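As they're listed, the protein sequences go chains R and Y. The first sequence runs 0 to 503 under numbering that gives the first Met the number 0. The second sequence runs 0 to 373 under numbering that gives the first Met the number 0. Backbone N, C-alpha and C fix where the C-beta goes; we use that ideal spot for every residue, glycine too. Model, not experiment: these values are computed from the prediction.
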Amino acid sequence: MKSFVFPEFQIIRDEEKCGQCRGCERQCSFGTHTYDPLTDRLISDDYKCAGCQRCVIFCPKDAIVIRPTQSFYRPNASWSREKIEDLKKQAETGGVILTGCGNDKPFRIYWDHIVLNASQVTNPSIDPLREPMELRTFLGAKPDLMDIEAKGGDVEIKTKISPNLMVETPILFSAMSYGAISYNAFRSLATAARQSGTFFNTGEGGLPKEMRQEFGKCAIVQVASGRFGIDAEYLNCASAVEIKVGQGAKPGIGGHLPGEKVSLEVAATRMIPVGTDAISPAPHHDIYSIEDLSMLITALKEATNYEKPISVKIAAVHNFAAIGSGIVRAGADIIAIDGLRGGTGAAPKAIRDNVGIPIELAISGLDRRLKNEGIRNRCSIIAAGGIRCSADVIKAIALGADAVYIGSAALIAMGCTLCQKCYTGKCNWGICTQDPRLSGRLNVDIASQRLSNLIHAWSHEISEMLGGMGINALESLRGNRDHLRGVGLHEWELEVLGIKGAGE
Amino acid sequence: MPRIKRELYNKEICACSIFGAMNRDGERFNGAGVMKAIANMHVRGNGLGGGFAAYGIYPEYKDYYAFHLMFTGKTPEDMRSAKLVFDAFLCENFDVVFDEEIPHSDVKEVSDPPLIWRYFVLPRKQGEETLLSDEDFIVKMIMWVNTRIENAHVFSSGKNMGCFKGVGYPEDIGEYFMLDKLYSAYTWTVHGRFPTNTQAWWGGAHPFSLLDTTVVHNGEISSYGTNRWYLEMYGYACTLQTDTEVIAYAADLLMRRQSIPIEIVAKILAPPIWNSIDRMNEKEKKLLTTLRMVYGPLLMNGPFAIIIGQTGKMIGLTDRIRLRPITAATRGEMFYLSSEEASIRLISPELDSVWTPNGGEPVVGELNNMRTVL
């Protein structure tokens, strides 16, 4: 059937500059560029281009420019090009439209409508280059009040303290499974987490056996509805266990790792046969209610000898606050909440673009709900989904999060350009693929250095902003909405965020 | 469903002078000296708030809780009607042994005073309230009054002690309440205020107090929003529109309800930095790490110097990087804390020792026992 969809991108090659080195041909896994020996020219097929810019960056002569196509349908506010093309694709295939990465629709980004405070006169700002600036954060349950016994000079804490994760900076790597991403990408995240005093999350694809000894201490291991790769050693080698209930990019549905991506190593790690689809059911079939969740939390605590905090990850959906409260009461030590703009390796586009709520509103609502119920200290909140820079991190913390997960941001640090073709398994950047030729492009040393640099740079910026507010320890900003003001927001939005408008 | 009312915090910022004097033998002295000392720091205030806490002033009623009430309002009728509402509430929940208007003299510098009354009471707990300790019951009642009864504020509630405060320079407030003539105390703490962003309000003057704990404070708490939510979880209602209130409530939560010694409380309010903690021995490291982990929301960030008064105790503390220093001094049985050494020298030219404590290091004066800790 002839496709009526025209190409998304237009490839412009400067023939003057092109040296016919065929580098672009080798770089593109989608087969966009081919060499024609008769004319000694490289020919590009716009239809195949994913817009990932790999060939542009690696062209030694800077001869290639890739830009959105100039072709257009007659402009129509209702029938945008995207709507028309999605419809055509479905008419041609009868299938669900798949996509990758996070929601790219113009929902209001609240981060960009919130501004931070700074000290002037009455309170000195603090210079992080000269004064200590503390970002260390503890994730897990804190007791209501402590029983402290002081005898003479000797002080003893009688209260039993729940296990907590200590991070040197409030930024953790979000769940990205081995299988969805390449081994090198996975290992780069682990290496960077260890270097930076933070944690990476294994996602639901297990943790390769040879990595357990080396990286278990900086790993949060996930237990998801597919239960892939879980054994006692997996749970016990890690620092924390996370039950994945939902994901911001695709709330309410499960996951699907196509058999093509299930290589020998992925199969061994996931404990499934090579080449079979790894399908995570939409719900956990042993969690149909909050009391079921409570039982799984307890089971995992039993399995790990009550030595590790248990996190529960949910997507931010309409009723998140009540759900969050239930999760704390069910015994979770950490709630990870993933917003509307959270990324994914593969999701139906209709779900990614239409389900869930922005993370900013969810953080504030959850924090307030737990405070009102007097149980905020009983769990930590990790916010995920749409954190793009250090300012987003610090705003998330002032709105009430204890720390953030970054996923897309970490991938971008490694080379990702958010081309949204993760589900094809043909990632030219070697990140979201199991093709050894492609994944070999990602050098673990370099990628982990880029990730560590990112964490370092953001931490430094957070320190600068914190010092400007006259605060030298991050815990004094947590839930401290006094330091935020809204610009260009409606009254109801300010109410939900719990912040004043600028000038108030 | 009505929308949740957006929280509009109203934090006050102030720079101030603080002074404290204690006789560790417990001998009582009148307020003339501290009034002179605080007047010497006149320019650190701007006449929009001054106040005193005095310990040992009601020996004849020492077994009763002394409530000092402020009835505000635009007209005397407003004040009297607030008092009527409060009196009805008080009679339901307390036995009142004596009450009177707090005597005052007319001072031209003091304007628009509210109606200020004192009551000596014992709690009368009913039903489930009998499960509460007297003090928990009183805290609960005070929170109720301060949030529910319009124009009534309990600003002092301990035994054998009292706060006196208002809008004006502290020396004028002292004269207004005749502290140099009517009262003698073994500990006096004083505050002169320089609020920068709100209209003058009698309730906003220092000291802030709950039961017998009083706080006078110089500085700005940049962690206010965080401290506030944590304390609200434990039933403390922050109603007085100032950041100092959170210190008083934190002191009550930690020192009274949890009986944590001041040395440890100082490590919660102004903890050592992680770099120092990481170099300590295992035991200390574990203790301080746990304290910071659990009580992180009570860390008081930003510049502050405070004097906490309690029965038999006067404590000085600064923020952990000493952005607002405090001077401590002793002369015989007298123990002084002050924003400036000159004020101490003014009333006690000869001193046995004078020093500036390190940031986050509490200085504690106790009756007949003086020590610096850690």
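Local conformation of residue i per DSSP, three classes
i: R/E133; result: strand
i: R/R12; result: strand
i: R/R484; result: strand
i: R/H317; result: coil
i: Y/E100; result: strand
i: R/V220; result: strand
i: R/R328; result: helix
i: R/G500; result: strand
i: R/I374; result: coil
i: Y/H205; result: coil
i: Y/M0; result: Model confidence at Y/M0 stands at a pLDDT of 35, short of 50, so the residue's coordinates are unreliable; what they give is reported in the following sentence. It is coil, neither helix nor strand.
i: Y/G391; result: Examination of residue 391 of chain Y is not possible in this model, given that chain Y is present from 0 through 373 alone.
i: R/C236; result: helix
i: Y/V153; result: strand
i: R/I309; result: strand
i: R/E155; result: strand
i: R/R53; result: helix
For residue j and residue i, the rounded distance between their alpha carbons
i: R/N200; j: R/I289; result: 24 Å
i: R/P131; j: Y/V293; result: 21 Å
i: R/E81; j: R/K87; result: 10 Å
i: R/C54; j: R/E213; result: 35 Å
i: R/M294; j: Y/Y233; result: 29 Å
i: Y/S38; j: Y/P169; result: In the sequence as presented, Ser is not what sits at residue 38 of chain Y; that position holds Ala. Approximately 7 Å between the Cα atoms of the pair.
i: Y/G248; j: Y/L89; result: Just to set this straight, residue 248 of chain Y is Tyr in the shown sequence, not Gly. Rounded to the nearest angstrom, the two C-alpha atoms are 22 Å apart.
i: Y/N92; j: Y/L68; result: 16 Å
i: R/T92; j: R/K348; result: 15 Å
i: R/A266; j: R/C27; result: 27 Å
i: R/I334; j: Y/L290; result: 22 Å
i: R/A395; j: R/R193; result: 24 Å
i: Y/D277; j: Y/K285; result: 9 Å
i: R/K260; j: R/I271; result: 12 Å
Chain R within 9 Å of residue i, Cβ atoms only
i: Y/G378; result: Since the first residue shown for chain Y is 0 and the last is 373, residue 378 of chain Y is missing from the structure and cannot be characterised.
i: Y/R147; result: no
i: Y/L350; result: no
i: Y/P361; result: no
i: Y/W273; result: yes
i: Y/L131; result: no
i: Y/M142; result: no
i: Y/L316; result: no
Status (buried if at least 16 other CB within 10 Å, exposed otherwise) for residue i
i: R/P357; result: buried
i: R/R367; result: buried
i: R/P59; result: exposed
i: Y/N226; result: buried
i: R/Q246; result: buried
i: Y/A87; result: exposed
i: Y/R192; result: buried
i: R/R25; result: exposed
Neighbour flag for residue i against chain C, beta carbons, 9 Å
i: R/P142; result: As a matter of chain content, chain C is missing from the structure shown, whose protein chains are R and Y.
Minimum Cβ-Cβ distance from residue i to chain Y less than 9 Å
i: R/I289; result: no
i: R/H482; result: yes
i: R/S475; result: yes
i: R/E133; result: yes
i: R/N471; result: yes
i: R/R375; result: yes
i: R/D146; result: yes
i: R/V114; result: no
i: R/S310; result: no
Exercise. Per the contact definition of three or more C-beta pairs closer than 8 Å, is the region 308-325 of chain R in contact with the region 234-249 of chain R?
Worked result: With the cut-off at 8 Å, the region 234-249 of chain R and the region 308-325 of chain R touch.
Exercise. Would you call the region 275-291 of chain R and the region 364-383 of chain R touching, i.e. three or more CB-CB distances under 8 Å?
Worked result: no
Exercise. Using 8 Å as the threshold, is the region 113-129 of chain R in touch with the region 461-473 of chain R, meaning 3 or more CB pairs across them?
Worked result: yes
Problem set entry | Cβ contact (3+ pairs, closer than 8 Å) linking the region 134-143 of chain R and the region 485-492 of chain R | no
Exercise. Would you say the region 237-251 of chain Y touches the region 438-454 of chain R, given that touching needs at least three Cβ pairs under 8 Å?
Worked result: no
Exercise. Are the region 162-180 of chain R and the region 308-321 of chain Y touching by the rule of at least three beta carbon pairs closer than 8 Å?
Worked result: no
Problem set entry | Sufficient close CB pairs (3 or more, under 8 Å) joining the region 215-231 of chain R to the region 358-366 of chain R | no
Problem set entry | the region 48-63 of chain Y / the region 25-38 of chain Y touching (three or more Cβ pairs under 8 Å) | yes
Problem set entry | the region 18-26 of chain Y touching the region 385-394 of chain R, judged by at least three CB pairs closer than 8 Å | no
Exercise. Counting pairs of beta carbons, one from the region 174-182 of chain Y and one from the region 150-160 of chain Y, are three or more of them closer than 8 Å?
Worked result: no
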